[in-house]
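In this text, residue positions in the sequence shown follow the working numbering: the first is 1, and each later residue adds one. Encoded as structure tokens, the structure appears first; notes follow it.
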Amino acid sequence: MPPARHVLGLSAYYHDAAACLLRDGEVVAAAQEERFTRLKGDAAFPARAAAYCLAEGGVGVGDLAAVAFYDKPLLKFERLLETYLAVAPRGFGSFLKAGPLWVKEKLFTDRTLRRALGELAGRAGAYEGDLLYAEHHESHAASAFYPSPFDEAAVLTVDGVGEWATASVGAGRGSGLELLSELRFPDSLGLLYSAFTYYLGFRVNSGEYKVMGLAPYGEPRYADLILTRLMDLREDGSFTLDRRYFGYVSGLRMTTGAFDDLFGGPPRTPERALDRRHFDLARSVQHVCEEVVLRMARTAHRLAGLDRLCMAGGVALNCVANARVLREGPFRDVWVQPAAGDAGGALGAAALAWHRALGGARRVARGAGGAPRDGMGGTYLGPAFADADVAAALDAVGAVYEVFDAASLAGYAADRLAEGAVVGWFQGRMEYGPRALGNRSILADPRRPDIQSRLNRAIKFRESFRPFAPSVTAEHAGKWFVLDRDSPYMLFTADVRPARRGALPAVTHVDGSARVQTVRPEDNPAFHALLLAFAARTGCPMLVNTSFNVRGEPVVCTPADALRCFRDTRMDVLVLGPFVLERAAQRGWAARDAASAVPAALAFD
Numbered sequence: 001m002p003p004a005r006h007v008l009g010l011s012a013y014y015h016d017a018a019a020c021l022l023r024d025g026e027v028v029a030a031a032q033e034e035r036f037t038r039l040k041g042d043a044a045f046p047a048r049a050a051a052y053c054l055a056e057g058g059v060g061v062g063d064l065a066a067v068a069f070y071d072k073p074l075l076k077f078e079r080l081l082e083t084y085l086a087v088a089p090r091g092f093g094s095f096l097k098a099g100p101l102w103v104k105e106k107l108f109t110d111r112t113l114r115r116a117l118g119e120l121a122g123r124a125g126a127y128e129g130d131l132l133y134a135e136h137h138e139s140h141a142a143s144a145f146y147p148s149p150f151d152e153a154a155v156l157t158v159d160g161v162g163e164w165a166t167a168s169v170g171a172g173r174g175s176g177l178e179l180l181s182e183l184r185f186p187d188s189l190g191l192l193y194s195a196f197t198y199y200l201g202f203r204v205n206s207g208e209y210k211v212m213g214l215a216p217y218g219e220p221r222y223a224d225l226i227l228t229r230l231m232d233l234r235e236d237g238s239f240t241l242d243r244r245y246f247g248y249v250s251g252l253r254m255t256t257g258a259f260d261d262l263f264g265g266p267p268r269t270p271e272r273a274l275d276r277r278h279f280d281l282a283r284s285v286q287h288v289c290e291e292v293v294l295r296m297a298r299t300a301h302r303l304a305g306l307d308r309l310c311m312a313g314g315v316a317l318n319c320v321a322n323a324r325v326l327r328e329g330p331f332r333d334v335w336v337q338p339a340a341g342d343a344g345g346a347l348g349a350a351a352l353a354w355h356r357a358l359g360g361a362r363r364v365a366r367g368a369g370g371a372p373r374d375g376m377g378g379t380y381l382g383p384a385f386a387d388a389d390v391a392a393a394l395d396a397v398g399a400v401y402e403v404f405d406a407a408s409l410a411g412y413a414a415d416r417l418a419e420g421a422v423v424g425w426f427q428g429r430m431e432y433g434p435r436a437l438g439n440r441s442i443l444a445d446p447r448r449p450d451i452q453s454r455l456n457r458a459i460k461f462r463e464s465f466r467p468f469a470p471s472v473t474a475e476h477a478g479k480w481f482v483l484d485r486d487s488p489y490m491l492f493t494a495d496v497r498p499a500r501r502g503a504l505p506a507v508t509h510v511d512g513s514a515r516v517q518t519v520r521p522e523d524n525p526a527f528h529a530l531l532l533a534f535a536a537r538t539g540c541p542m543l544v545n546t547s548f549n550v551r552g553e554p555v556v557c558t559p560a561d562a563l564r565c566f567r568d569t570r571m572d573v574l575v576l577g578p579f580v581l582e583r584a585a586q587r588g589w590a591a592r593d594a595a596s597a598v599p600a601a602l603a604f605d
């Protein structure tokens, strides 16, 4: 048997830097750099994430068959330069800010990457092996198709912008992947959505989730205005934006004064209260987003001639739009890459290198009974920690804890959850992508009407309107939600069945929907066992599941991260592997509770 070949994929230098290691085309490890550095959205070279991936795979930089980068910096610089020249002199201020950085660093990405890879290898010289570059939307498309459970599928990618493309349609068959059509900058659905994110007072590239969560509180009162004044939308999903309303081409703001005049005033400041107009604006841009994605999906079906769809790109994290594609689109099935944003580009670049440059074969993963399944391993692709390491972290801070065996751990945690406790749940390998899926999660009882407010205010320190997702055993999901398939990655919404809505106040959004995660024992046995234990006590086979972090902080990675988050919030119980900490038993933490309370002005900006 020939030796295994390894490919390291990297994304960096914009936001959500990440690394991914493939062994003979299969994902061995993947992680975002932010989880290690604790800098939200960290864009730096993913040195720590890459080091972890290599260690997990038991290889060094010198053992790699290739390293692949997720976009082409020279093409991106071409777009930047052409854009500034086209709008000169209006873009001069923006060019003064971005230009020197590009010339100094990003224009010489190859040199920078080779030097960083040399340091990763522990030597003074630069990396001299194969360093391959993929186009940004090809990386997204590859991340969507190659790990999917489909032998062949149409592919749709939608985001802000890569080099020039802002959306693409393609087709994947076996080891082949071809892009058939693209939409180009400055016409971008992702940037349109981000413009409204900015206008509503949220942070671009992280606040888009807030707009989606805010939308059901409003009506699409401005949708026609968006469609008639801001954009010319065509039947195939392509469109042209009216640049007079957008500042991202030539300036440092997402929107212009003309945008302000059209929608009744300047952008909301973070400290200003949300009102009906803000709700309606959020609902309107969400409505338009869904319509555009639906049209693009129909075009993908027509061009590819295939009845399954794979999706990626930042807009593919819009689970409401995804659900409409699934319900109303022409496809038999839809699969969305769980790390759909730029972090997933590391996986896509590695997959392209494996299949194109190295000529590697593609094998669709198989589950029980030989049924096809995706190759993401439930996204549990990050670090895990041995019990001895967890115990050392606990002892280092003088934590008081009990140790449980596997049989009794789920029962104890289920008892505390049924009593109303909020539980930090830290098990196994960390998730890759933005969603916590039962290994780095904060859990609570979905039947309690006070849980949403309590989690938002005292634990997550975030806006009160933000909904929470339910994690439910896959075998019981259809009894509680209008859902006829698995949803393991929280990337589709489903309606809560009307007869169940009163029983699930903590996870039923204002429009009666929920962002569902279905859990199977073969994907996450410990989490599934906990859900079953909770069901045995309450008759409810689900829990509130939100990511183990607070606002502005990445999801926890290490036991020490989890301990800090537990200490500085109002969680009642922390479960770290087999170790259980009760908040009330921790010496000296009561005084810290009062000191660490986050003022309302900071909690809801």
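Every residue gets a Cβ at the ideal spot worked out from N, C-alpha and C, and that includes glycine. Computed from a predicted model, the values in this text were never measured in an experiment.
Buried or exposed: residue i, going by 16 or more other Cβ atoms within 10 Å of its Cβ?
i	result
SER464	exposed
LEU602	At LEU602, the pLDDT of 26 sits below 50, so the modelled position is not reliable; the number obtained from the coordinates is stated separately. Under this definition LEU602 is an exposed residue.
GLU163	buried
VAL7	buried
THR25	Rather than Thr, the amino acid found at residue 25 in this sequence is Gly. Label assigned to GLY25: buried.
SER596	In this predicted model, SER596 has a pLDDT of only 42, less than 50, meaning its place in the structure is not dependable; the value taken from the coordinates is given anyway. The residue in question, SER596, is exposed, as its Cβ has fewer than 16 Cβ neighbours within 10 Å.
ARG447	buried
ALA536	exposed
ASP151	exposed
ALA361	exposed
GLU419	exposed
GLY378	buried
PRO73	buried
THR508	buried
VAL397	exposed
ALA384	exposed
LYS665	This structure cannot settle anything about residue 665, because the visible part of the chain is limited to 1 through 605.
SER453	exposed
Mind checking whether residue i and residue j have CB atoms under 8 Å apart?
i	j	result
GLY129	GLY118	no
ILE451	VAL544	yes
PHE648	ALA562	What is shown of the chain runs 1 to 605, which leaves residue 648 out entirely.
PRO470	LEU504	yes
ALA31	TYR52	yes
ALA171	LEU183	no
VAL288	LEU227	yes
MET254	SER194	yes
ARG583	MET571	yes
GLY428	TYR489	no
ALA323	PRO149	no
LEU113	PHE69	yes
PRO266	GLY201	no
VAL67	LEU131	yes
LEU120	ALA165	no
ALA414	LEU530	yes
If you drop the 5 nearest sequence neighbours on each side, which residues of the same chain put their C-beta closer than 6 Å to that of residue i?
i	result
GLY625	The shown model of the chain, from 1 to 605, leaves out residue 625, and the question about it has no answer.
THR240	ASP187 and ASP232
ALA610	A question about residue 610 goes unanswered here, because the residues of the chain that appear run from 1 up to 605.
ASP236	THR299
VAL292	LEU189 and GLY237
SER168	HIS137, THR157, LEU179 and GLU182
ASP486	ALA474 and THR518
Could you name the residues of the same chain whose beta carbon sits closer than 7 Å to that of residue i, not counting the 5 residues immediately before and after it, in chain order?
i	result
PRO2	none
VAL510	PRO216 and TYR217
ALA88	Here ALA88 scores only 48 on pLDDT, less than 50, and its place in the model is too uncertain to base an answer on.
ALA44	ALA12, ALA17 and GLU33
VAL403	PRO578 and PHE579
TYR401	LEU394, PHE579, VAL580 and LEU581
ASP63	HIS6
VAL320	MET212, GLN286, GLU290 and THR493
Excluding the 5 residues flanking residue i on each side, which residues of the same chain have their C-beta closer than 8 Å to its C-beta?
i	result
GLY329	LEU294, ALA297, ARG298, HIS301 and LEU309
ARG327	none
PRO449	PRO505 and ALA506
Which whole-angstrom value is the C-beta distance of residue i and residue j, which I expect to be below 8 Å?
i	j	result
ILE442	THR558	Their Cβ separation, rounded to whole angstroms, is 16 Å, which puts ILE442 and THR558 out of contact at 8 Å.
GLY313	THR157	4 Å
HIS140	GLY305	In fact, because the Cβ distance is near 21 Å, the residues do not count as touching under 8 Å.
PHE468	ALA421	Not confirmed; about 16 Å, so no contact.
Next on the checklist: Any contact between the stretch 487–497 and the stretch 507–521? By contact I mean 3 or more CB pairs, one from each, below 8 Å.
Outcome noted: yes
Item to check | the stretch 272–283 / the stretch 139–148 touching (three or more Cβ pairs under 8 Å) | outcome: no
Checklist entry - Counting Cβ pairs, one atom from each stretch, are 3 or more of them under 8 Å apart for the stretch 400–415 and the stretch 351–371? => result no
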